[in-house]
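Numbering (this note's numbering), first residue to last: 333 to 467.
Cβ coordinates follow ideal geometry from the N, Cα and C atoms, glycine included.
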Ligand SMILES: [Zn+2]
């Protein structure tokens with residue numbers, strides 16, 4: 333390996349790779365665990381749209397749903413294709429897996445549409461096939 337590129341903190345990459353550094357980081361984390369978790373909570377509170385994406389990805393992973401990764405920007409572009417809740421046309425505040433993950437749907441952009449909470453509750457994990465999409 334030739335040379336090390338300094339990180340913004342001025343610590344060389346070679347140093348970062350050492351056991352001593354990892355152990356120190358682990359000790360620091362354990363000592364400051366609560367503060368760290370609080371920072372994460374705060375960040376998610378400040379970035380609700382990223383939290384939404386994170387939660388959906390996590391859920392999809394948990395039930396092993398097929399997934400095609402996408403970015404928050406791509407998701408915004410997808411959702412902006414719809415003037416409102418895709419069921420009733422009203423304001424939306426949720427994102428729907430049109431074919432539910434529980435019914436074998438994929439966590440991918442083409443399966444996501446904006447939906448309002450009441451419509452989402454009514455729909456739940458129902459899936460009547462493509463014909464069922466026509467209200
Ligand atoms: Zn609706």
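Original post:
Cα separation between residue 385 and residue 401?
Top reply: Position 53 of the chain shown, counting from 1, holds the residue named residue 385. Position 69 of the chain shown, counting from 1, holds the residue named residue 401. If I take the Cα positions, the gap works out to 10 Å.
Subject >> Three-state class that DSSP yields for residue 423 in the structure shown >> reply: Counting from one through the chain shown, the residue named residue 423 turns up at place 91. Residue state, collapsed to three classes: coil.
Subject >> Where the beta strand (DSSP E) containing residue 444 begins and where it ends >> reply: Here residue 444 is taken as the residue at index 112 of the chain shown, counted from 1. Unbroken beta strand (DSSP E) run through residue 444: 444 to 447.
Original post:
Hey, out of 417, 448, 455, 407, whose CA is closest to residue 433's CA?
Top reply: As a working mapping, residue 433 is identified with position 101 in the chain shown. Among 417, 448, 455, 407, the Cα nearest to that of residue 433 belongs to 455.
**OP:** Taking only the alpha-carbon atoms, compute the straight-line gap between residue 407 and residue 376 and give it to the nearest angstrom.
**Re:** For the purposes of this step, residue 407 is identified with residue 75 of the chain shown, where counting begins at 1. For the purposes of this step, residue 376 is identified with residue 44 of the chain shown, where counting begins at 1. Cα to Cα, the separation comes out at about 17 Å.
Original post:
Less than 7 Å between the CB of residue 417 and some heavy atom of ligand 1, yes or no?
Top reply: In the chain shown, counting from the first residue as 1, residue 417 sits at position 85. Within the cutoff, so yes.
Original post:
Is the stretch 362 to 375 touching the stretch 410 to 417, taking contact as three or more C-beta pairs under 8 Å?
Top reply: no
Original post:
Is the beta carbon of residue 426 within less than 7 Å of some heavy atom of ligand 1?
Top reply: Position 94 of the chain shown, counting from 1, holds the residue named residue 426. Not so, every heavy atom of ligand 1 lies at least 7 Å from the Cβ.
Original post:
Is it the case that the CB of residue 422 approaches a heavy atom of ligand 1 more closely than 7 Å?
Top reply: Sequence index remark: in the chain shown, residue 422 carries index 90 (1-based). For ligand 1, at least one heavy atom lies less than 7 Å from the Cβ of residue 422.
**OP:** Give the range of the alpha helix (DSSP H) segment to which residue 372 is assigned.
**Re:** Residue mapping note: residue 372 aligns to position 40 of the chain shown, counting from 1. Segment 365 to 378, the alpha helix (DSSP H) holding residue 372.
Original post:
Just to check, is the beta-carbon of residue 395 closer than 7 Å to a non-hydrogen atom of ligand 2?
Top reply: Within the structure as shown, ligand 2 is missing, the only ligands being ligand 1.
Original post:
Can residue 388 and residue 447 be called in contact, C-beta distance under 8 Å?
Top reply: By one-based count along the chain shown, residue 388 stands at place 56. By one-based count along the chain shown, residue 447 stands at place 115. Not in contact: residue 388 and residue 447 (Cβ atoms no closer than 8 Å).
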